[in-house]
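*Asks:* Residue numbers (my numbering): 17 to 265. By construction, the Cβ of each residue, glycine as well, lies at the ideal position given by its N, Cα and C atoms. Please read all numbers here as calculations on a predicted model, not as lab measurements.
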Amino acid sequence: MKPGKSLGLPTNDSKSTPTEYSDVLFICIDFENGKQIISRVIDNDCIGKIEAQAGVSIFDTRTLMNSPLPSPSQETPLPVGLQTYNIGLGGSPSTKKLVDRRFLFGETKWIQLADLSASIEKLVDRTRNIVLVGHGFAADLHVLKALGFDLETSIAGFLDTEAEARAIFGPPNARGGLRLGRVLARLKCAVGGCHVAGNDGNFTLRALLLLAAEAYSGSEDSLDGSARERLEIIRAIGLRGEVTTGVVD
């Protein structure tokens, strides 16, 4: 599936049904040291030493469908559509302090591995159509499967921003050319705090928005005024990262 129609943009995709696109939550669930999580789960050792993180970032398309679309200038507030959370597992006091300082979008919640799956699930609204998003998504999907995360109920689709970037920019001409930071650089989005899971989740969704806008590059004149305005708002949210502060209960 392509993200454009869920964002209220016209597409030529006639193979997908309307229910795939209505009332969508784009959710990125990103892990740092996911292999440690898988190992502990396989060994049934939820209290052993671990140093890992889970980040959850959510973009609510109702922001675009139900809100007036203001000018995307830096002086004008944009609709707030991104909610971002960071969940920490284990770690030394110095590591926790570093992660707390580097998380850009709220406060990190430190929990036990045994509580991770429930903490993630609490953030997922299964009454909505959910599209799971990742950048090089396979590794994160392995962690979700190990945790027993429900990948069926209300899941309308999956999107990999690495694949989206390849479709738009073509194959990379250098090793690592489609890494998240490099993709965002090509999209003129400043990135920081990498390798904090919540930050990576947030920037992955911003890459999704910017790639959705980039797909219309050179064809904006074919869009009507409303679609062009929406396109600019989507691009502006991707660049500016309008967020609400995320704190896991």
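1. Which stretch, first to last residue, makes up the beta strand (DSSP E) that contains Phe47?
2. Starting from Asp156, trace the alpha helix (DSSP H) in both directions and tell me its first and last residue.
3. Thinking Leu41 and Ile146 are a contact (beta carbons under 8 Å), I'd like their distance in whole angstroms, please.
4. Tell me which residue opens and which closes the alpha helix (DSSP H) that Val140 is part of.
5. If the criterion is Cβ atoms closer than 7 Å, does the pair Leu105 and Ile54 meet it?
6. Just grab the DSSP bridge partners of Glu67 for me.
7. Starting from Asn218 and walking both ways along the alpha helix (DSSP H), at which residues does that stretch end?
8. Go through its chain and collect everything with a Cβ distance to Phe75's Cβ below 6 Å, but skip five positions before and after it.
9. Quick check: the Cα distance between Ser233 and Glu178, rounded to an integer number of angstroms?
10. Among the residues of its own chain, which have a CB less than 6 Å from the CB of Asp116, if the five just before and after it don't count?
*Replies:* Reading it off the structure:
1. Locating residue 47 in the sequence shown gives position 31, counting from the first residue. Residues 40 to 48.
2. What you label residue 156 is simply residue 140 of the sequence shown in a count that begins at 1. Residues 154 to 162.
3. Stepping through the sequence shown from its first residue, residue 41 is reached at position 25. Stepping through the sequence shown from its first residue, residue 146 is reached at position 130. Right, their Cβ atoms sit about 5 Å apart.
4. Your numbering for residue 140 matches position 124 in the sequence shown. Val140 -> no alpha helix (DSSP H), and no H or E assigned at all.
5. If you number the sequence shown from 1, residue 105 lands on position 89. If you number the sequence shown from 1, residue 54 lands on position 38. Contact: no.
6. Sequence index remark: in the sequence shown, residue 67 carries index 51 (1-based). Bridge partners of Glu67: Gly106.
7. Along the sequence shown, read from residue 1 onward, the residue named residue 218 stands at position 202. Start and end: 213 to 230.
8. The residue labelled residue 75 in the question sits at position 59 within the sequence shown. Only Phe42, Gly97, Leu98, Leu221 meet the Cβ criterion.
9. On the sequence shown, position 217 is the one that residue 233 refers to. On the sequence shown, position 162 is the one that residue 178 refers to. For Ser233 and Glu178, the distance between alpha carbons rounds to 18 Å.
10. By one-based count along the sequence shown, residue 116 stands at place 100. For Asp116, where only same-chain residues beyond five positions count, the Cβ hits under 6 Å are Thr124.
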